[in-house]
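Numbering (UniProt numbering), first residue to last: 1 to 261.
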């Protein structure tokens with residue numbers, strides 16, 4: 001049964017060995033994928049499986065700036081978790097938000113920032129932009145349809161205030177980690193699950209770093225509020241809950257619908 005939730009404000013030797021992402025033709029129909037798409041799928045998994053960095057993948061696919069169309073007609077964005085593309089677009093939506101925030105923070109940095117904090121935010125801005133652009137390149141490369149660029153609003157954030165910026169960074173990073181953890185169960189392609197694991201490990205490093213900056217010398221980098229003391233595991237939050245929390249921040253004004261999750 002389909003459920004809908006609505007929220008608002010080692011390498012693959014050939015194409016046939018690539019696990020399905022459920023965008024293939026129906027079993028009784030001929031495979032009408034173009035040679036270029038088949039080649040793109042094969043090259044994508046060869047790049048990632050071979051350990052090539054995100055920047056190399058982006059250069060090969062020619063993507064350097066998000067890649068989605070603007071959501072100018074205010075139509076809701078639908079994320080269908082019955083396919084891997086729905087999960088990837090979910091990650092892409094979150095990476096759009098983080099990349100936009102850090103770009104703003106890096107461009108309007110608070111005046112009392114230490115050199116360490118300044119370098120940290122520069123690094124995070126670069127990381128999140130890479131994550132966003134990587135997903136923007138990967139989804140169409142694998143045959144999926146990319147969701148539009150989300151509309152964001154950071155007018156409630158005082159970028160000249162250290163506590164304000166770090167507080168939002170903490171919220172976004174903790175949310176990102178829990179979101180990837182909660183969405184992993186919906187990925188059917190093991191190669192994509194591996195890629196998601198690589199990205200979330202970086203997000204967890206970001207979250208730990210922000211918490212350490214906010215409370216130096218403490219155990220907050222792996223506090224009991226995010227790491228279960230009984231299991232030693234980080235939080236995993238379902239997609240609908242994550243997007244409801246994101247909507248409550250007011251940072252994303254695009255309406256997002258969640259299906260089959």
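Cβ atoms here follow ideal geometry from the backbone N, Cα and C, with glycine treated the same way.
What you are looking at is a predicted structure, and each value in this text was computed from that prediction instead of being measured.
query, result
"What is the rounded straight-line gap between the Cα of residue 184 and the Cα of residue 159?", "33 Å"
"Taking the beta carbon of residue 169 as the centre, do at least 16 other beta carbons fall within 10 Å, making it buried, or is it exposed?", "buried"
"Pair every Cβ in the segment 229 to 242 with every Cβ in the segment 133 to 149, then say whether three or more of these pairs are closer than 8 Å.", "no"
"Could you tell me how far apart the beta carbons of residue 128 and residue 95 are, in whole angstroms, since I believe they sit closer than 8 Å?", "6 Å"
"Determine whether the beta carbon atoms of residue 120 and residue 165 lie at a separation below 9 Å.", "no"
"Select from 187, 106, 227 the residue whose C-alpha is nearest the C-alpha of residue 82.", "187"
"Just the C-alpha distance for residue 213 and residue 250, rounded to the nearest angstrom, thanks.", "25 Å"
"What are the uninterrupted segments assigned as alpha helix (DSSP H) that are 4 or more residues long and contained completely in the segment 162 to 203, given in chain order?", "162 to 183"
"By the 10 Å Cβ neighbour count, where 16 or more other Cβ atoms means buried, how is residue 153 classified, buried or exposed?", "exposed"
"Report buried or exposed for residue 239, applying the criterion of at least 16 other Cβ atoms within 10 angstroms of its Cβ.", "buried"
"Going straight from the alpha carbon of residue 219 to that of residue 236, what length do you get?", "20 Å"
"Alpha carbon to alpha carbon, how far is residue 142 from residue 114? Give it in angstroms, no decimals.", "42 Å"
"When burial is assigned at 16 or more other CB atoms within 10 Å of the CB, is residue 248 buried or exposed?", "exposed"
"Mapping DSSP to helix, strand and coil, what is residue 227?", "strand"
"Determine the closest residue to residue 162 out of 178, 105, 198, with distance taken between C-alpha atoms.", "105"
"If we ignore side chains and look at the alpha-carbon of each, how far apart do residue 242 and residue 130 end up?", "22 Å"
"Please confirm whether residue 256 and residue 124 have their CB atoms less than 9 Å apart.", "no"
"Taking the beta carbon of residue 175 as the centre, do at least 16 other beta carbons fall within 10 Å, making it buried, or is it exposed?", "buried"
"Counting along the chain, where does the beta strand (DSSP E) carrying residue 79 start and finish?", "77 to 80"
"Where does residue 237 sit, in a helix, a strand or coil, going by DSSP?", "coil"
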